[in-house]
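Only one structure is covered here, and it is reproduced in the block below.
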Amino acid sequence: MMHPTLDDRGIEVIIGNLLRAGVLAAAAVVVLGAVIYLSRYAMRPANFSTFRGEAAALRTMPAIVKGAAHLHGKSIIQFGLLLLIATPIARVMFSVVGFAVERDHLYVVLTLIVLAVLLYSLLGSGVA
Amino acid sequence: MTILAFTVLIALGSFVAGFLGALTGLGGGVVVVPLLVLAFGVDIRYAIGASLVSVIATSSGAAAAYVREGYSNIRIGMFLEIATTVGAIAGAMIASHVTTRTIAIVFGLVLLYSAFLSGRPQPDVPVDPTPDKIAAALKLNGSYPAGNQMRSYTVHRVPLGFSLMFGAGTLSGLLGIGSGAIKVIAMDQAMGIPFKVSTTTSNFMIGVTAAASAGIYLSRGYIDPGIAMPVMLGVLAGSLLGARVLVKARTKWLRLVFSAVIVVLAIEMIYNGFTGKL
Numbered sequence: 009m010m011h012p013t014l015d016d017r018g019i020e021v022i023i024g025n026l027l028r029a030g031v032l033a034a035a036a037v038v039v040l041g042a043v044i045y046l047s048r049y050a051m052r053p054a055n056f057s058t059f060r061g062e063a064a065a066l067r068t069m070p071a072i073v074k075g076a077a078h079l080h081g082k083s084i085i086q087f088g089l090l091l092l093i094a095t096p097i098a099r100v101m102f103s104v105v106g107f108a109v110e111r112d113h114l115y116v117v118l119t120l121i122v123l124a125v126l127l128y129s130l131l132g133s134g135v136a
Numbered sequence: 144m145t146i147l148a149f150t151v152l153i154a155l156g157s158f159v160a161g162f163l164g165a166l167t168g169l170g171g172g173v174v175v176v177p178l179l180v181l182a183f184g185v186d187i188r189y190a191i192g193a194s195l196v197s198v199i200a201t202s203s204g205a206a207a208a209y210v211r212e213g214y215s216n217i218r219i220g221m222f223l224e225i226a227t228t229v230g231a232i233a234g235a236m237i238a239s240h241v242t243t244r245t246i247a248i249v250f251g252l253v254l255l256y257s258a259f260l261s262g263r264p265q266p267d268v269p270v271d272p273t274p275d276k277i278a279a280a281l282k283l284n285g286s287y288p289a290g291n292q293m294r295s296y297t298v299h300r301v302p303l304g305f306s307l308m309f310g311a312g313t314l315s316g317l318l319g320i321g322s323g324a325i326k327v328i329a330m331d332q333a334m335g336i337p338f339k340v341s342t343t344t345s346n347f348m349i350g351v352t353a354a355a356s357a358g359i360y361l362s363r364g365y366i367d368p369g370i371a372m373p374v375m376l377g378v379l380a381g382s383l384l385g386a387r388v389l390v391k392a393r394t395k396w397l398r399l400v401f402s403a404v405i406v407v408l409a410i411e412m413i414y415n416g417f418t419g420k421l
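Going line by line, the protein sequences match chains A and B.
Each residue of the first sequence is one higher than the one before, counting from 9 in my numbering.
Each residue of the second sequence is one higher than the one before, counting from 144 in my numbering.
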């Protein structure tokens with residue numbers, strides 16, 4: 009049997025690589041959105057000094073997905089950012105599996121608590 | 144200014160911030176918010192939303208590299224994330240109930256404190272050899288590579304570290320930063336965890352902490368695609384490059400310059416907060 013910390017590290021390396029892939033995928037989506045956004049708005053004047061809050065179409069997951077499907081630049085950027093926000097959540101989910109494989113029941117429970125807090129924040133805020 | 148010029152300039156500024164943040168270990172997030180607010184006149188709420196997103200990108204993007212080095216302790220990280228994520232939600236809640244002037248002043252004070260911490264030498268705290276019951280029960284004790292052997296360490300003062308982590312999470316949720324400096328203090332100074340283990344474990348916790356408040360910021364309309372896009376891409380590219388070219392010999396000098404920049408930005412944030420220019 010392997011030393012427990014070695015198991016930890018093996019699982020962690022896999023998770024780390026998945027996370028990096030997730031970040032790069034999110035960045036690619038953001039770049040795609042940026043191209044469409046800039047092709048449309050590049051020459052308009054920039055005004056970000058007054059806070060208006062985003063339109064409802066850019067604030068919730070279903071609306072963002074809908075806008076992205078219609079190839080709206082801003083919606084695609086926002087979709088990429090959603091993918092990015094999902095990467096740490098995915099990491100916590102993978103860790104639950106990792107600890108379950110190691111039969112570390114205490115840490116399965118502790119990790120599920122972290123996951124519950126993250127999901128509570130996401131669902132409670134009305135994004136999902 | 145046109146949107147194209149604005150996007151390119153912010154992407155360049157964020158790239159430099161991410162690059163210097165990675166080289167000095169201070170993180171790019173701390174200078175992105177003052178850069179957007181002071182140099183580009185962006186509303187601080189949009190600046191915080193964009194910074195929060197870039198913090199997640201840096202943390203998740205670097206995770207694989209840190210794990211390979213073998214320093215980070217996933218059990219310490221996961222256990223303390225219970226405190227940082229709950230704190231982050233509290234911070235995001237507070238953010239909607241205080242004025243932007245108050246946020247600017249708190250931000251300035253946190254900047255000053257981070258600059259102070261980075262200017263100070265970071266010796267490993269003498270390790271208390273008596274075992275800690277809570278740390279043992281939570282299986283927090285671990286080992287890390289030192290030379291060609293593994294050196295084991297024990298963790299102490301778990302309740303104190305846990306409380307400090309709640310504070311770090313609150314500041315992260317309130318200001319849209321990673322709070323890496325405070326996370327490191329909680330682990331290294333309070334819990335007696337070796338410095339290398341503290342910094343790498345902190346990096347891995349930063350993304351999860353930021354994700355806890357990002358949903359709240361998005362639903363409130365604080366995350367603007369026009370600002371978050373160049374900031375996220377710029378900081379990510381800068382920090383990935385910074386991690387590659389990290390030259391140990393020059394970091395001391397760089398840290399000093401970067402700390403000086405942070406102090407100037409901090410004073411300007413506090414001044415603008417008091418005079419109500421934000």
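All C-beta atoms, glycine included, are put in the ideal place defined by N, C-alpha and C.
Model, not experiment: these values are computed from the prediction.
Contact check, residue i vs residue j under 8 angstroms by CB: the rounded distance?
| i | j | result |
| --- | --- | --- |
| B:Leu-500 | B:Leu-166 | Outside the shown range of chain B (144 to 421) lies residue 500 of chain B, about which nothing can therefore be said. |
| B:Ile-349 | B:Val-198 | 6 angstroms |
| A:Ile-85 | A:Gly-41 | 4 angstroms |
| A:Thr-68 | A:Gly-132 | About 13 angstroms; that fails the 8 angstroms criterion. |
| A:Leu-92 | A:Val-31 | 7 angstroms |
| B:Ala-355 | B:Ala-231 | 4 angstroms |
| A:Phe-102 | A:Ile-23 | 5 angstroms |
| B:Val-253 | B:Leu-314 | 6 angstroms |
| B:Gly-204 | B:Ser-345 | About 15 angstroms separates the two Cβ atoms, so there is no contact after all. |
Between residue i and residue j, what straight-line distance do the alpha-carbon atoms span, to the nearest angstrom?
| i | j | result |
| --- | --- | --- |
| B:Ala-208 | B:Phe-222 | 22 angstroms |
| B:Ala-392 | A:Ser-47 | Model confidence at B:Ala-392 stands at a pLDDT of 45, short of 50, so the residue's coordinates are unreliable and nothing is read from them. |
| B:Ala-407 | B:Leu-317 | At residue 407 of chain B the sequence reads Val, which differs from the Ala that was named. Cα to Cα, B:Val-407 sits roughly 21 angstroms from B:Leu-317. |
| B:Ser-257 | B:Ile-405 | 8 angstroms |
| A:Val-116 | A:Glu-110 | 10 angstroms |
| A:Ala-54 | B:Thr-145 | 5 angstroms |
| B:Gly-419 | B:Ala-247 | 10 angstroms |
| A:Ala-108 | B:Lys-282 | 15 angstroms |
| B:Arg-218 | B:Ala-206 | 15 angstroms |
| B:Gln-126 | B:Leu-307 | Outside the displayed span of chain B (144 to 421) sits residue 126 of chain B, for which this structure offers no information. |
| B:Gly-304 | B:Val-388 | 33 angstroms |
| A:Pro-96 | B:Phe-347 | 9 angstroms |
| B:Ile-359 | A:Leu-126 | 11 angstroms |
| B:Ile-277 | B:Thr-343 | 22 angstroms |
| B:Ser-295 | B:Val-210 | 17 angstroms |
| B:Met-412 | B:Gly-172 | 15 angstroms |
Quick one: using the 10 Å Cβ neighbour count with 16 as the cut-off for buried, is residue i buried or exposed?
| i | result |
| --- | --- |
| B:Ile-366 | buried |
| B:Gly-290 | exposed |
| A:Lys-82 | buried |
| B:Ala-193 | buried |
| A:Met-9 | In this predicted model, A:Met-9 has a pLDDT of only 39, less than 50, meaning its place in the structure is not dependable enough to derive any value. |
| A:Arg-5 | In the structure displayed, chain A extends from 9 to 136; residue 5 of chain A sits before or after that span and is not available. |
| B:Tyr-414 | exposed |
| A:Arg-60 | exposed |
| A:Ala-63 | exposed |
| B:Gly-416 | buried |
Candidates the options: which alpha carbon is nearest residue i's?
| i | options | result |
| --- | --- | --- |
| B:Val-298 | B:Gly-312, B:Ile-405, B:Thr-273 | B:Thr-273 |
| B:Ser-286 | B:Met-334, B:Leu-252, B:Ile-246, B:Val-340 | B:Val-340 |
| B:Ala-403 | B:Val-151, B:Val-174, B:Phe-162 | B:Val-174 |
| B:Arg-300 | B:Gly-310, B:Met-334, B:Pro-288, B:Lys-326 | B:Met-334 |
| B:Ile-187 | B:Leu-383, B:Gln-332, B:Gly-319 | B:Gly-319 |
| B:Ala-200 | B:Leu-252, B:Arg-387, B:Ala-353, B:Ala-279 | B:Ala-353 |
| B:Leu-376 | B:Met-330, B:Ala-148, B:Phe-158, B:Phe-149 | B:Phe-158 |
| B:Ala-97 | B:Met-293, B:Arg-294, B:Tyr-296, B:Met-330 | Absent from the structure is residue 97 of chain B, since the part of chain B shown begins at 144 and ends at 421. |
| B:Thr-150 | B:Ser-356, B:Gly-304, B:Ile-370 | B:Ile-370 |
| B:Ile-328 | B:Val-388, B:Lys-395, B:Tyr-296, B:Phe-259 | B:Phe-259 |
| B:Leu-384 | B:Gly-161, B:Leu-152, B:Glu-212 | B:Gly-161 |
| B:Ala-280 | A:His-113, A:Tyr-128, A:Ala-124 | A:His-113 |
| B:Val-176 | B:Thr-343, B:Val-378, B:Val-400 | B:Val-378 |
| B:Phe-309 | B:Lys-326, B:Ile-153, B:Ser-239 | B:Lys-326 |
| B:Leu-399 | B:Thr-313, B:Ser-261, B:Ile-413, B:Ala-409 | B:Ser-261 |
| A:Val-38 | B:Ala-148, B:Met-372, B:Ala-233, B:Thr-313 | B:Met-372 |
| B:Glu-224 | A:Leu-27, A:His-78, A:Thr-58, A:Leu-123 | A:Leu-123 |
| A:Ser-57 | B:Leu-195, B:Ala-148, B:Ile-336, B:Leu-179 | B:Leu-179 |
So which residues on chain B does residue i lean against when the C-beta distance must stay under 9 angstroms?
| i | result |
| --- | --- |
| A:Arg-111 | Under the 9 angstroms cutoff, chain B gives no residues; its nearest Cβ is about 13 angstroms from A:Arg-111. |
Taking residue i as the query, report the chain A residues whose CB atoms sit under 7 angstroms from its CB, ordered along the chain.
| i | result |
| --- | --- |
| B:Leu-361 | Arg-67, Val-135 |
| B:Thr-150 | Leu-46 |
| B:Ile-413 | Simply none; closest approach about 20 angstroms. |
Below 8 angstroms on C-beta distance, what does residue i contact in chain B?
| i | result |
| --- | --- |
| A:Val-125 | Ile-225, Thr-228, Val-229, Ile-232, Ala-355 |
| A:Lys-82 | Pro-368, Gly-369 |
| A:Pro-96 | Ile-199, Ser-202, Ser-203, Gly-350, Val-351, Ala-353, Ala-354 |
| A:Ile-130 | Per the sequence shown, the amino acid found at residue 130 of chain A is Leu instead of Ile. In chain order: Gly-358. |
| A:Val-31 | Ala-200, Ser-203, Gly-204, Leu-379 |
Just to make sure I have the definition right: I need the residues of chain A whose C-beta is within less than 8 angstroms of the C-beta of residue i. Which are they?
| i | result |
| --- | --- |
| B:Val-210 | Arg-17, Glu-20, Val-21, Ile-23, Gly-24 |
List the residues of chain B that residue i touches, going by C-beta distances under 7 angstroms, in chain order.
| i | result |
| --- | --- |
| A:Met-51 | Thr-145, Leu-147 |
| A:Ala-36 | None at all; the shortest Cβ gap to chain B is about 10 angstroms. |
| A:Val-100 | Val-351 |
Given a limit of 7 angstroms on CB to CB distance, which residues of the region 165-198 of chain B reach chain D? The structure shown contains no chain D; the protein chains it does contain are A and B.
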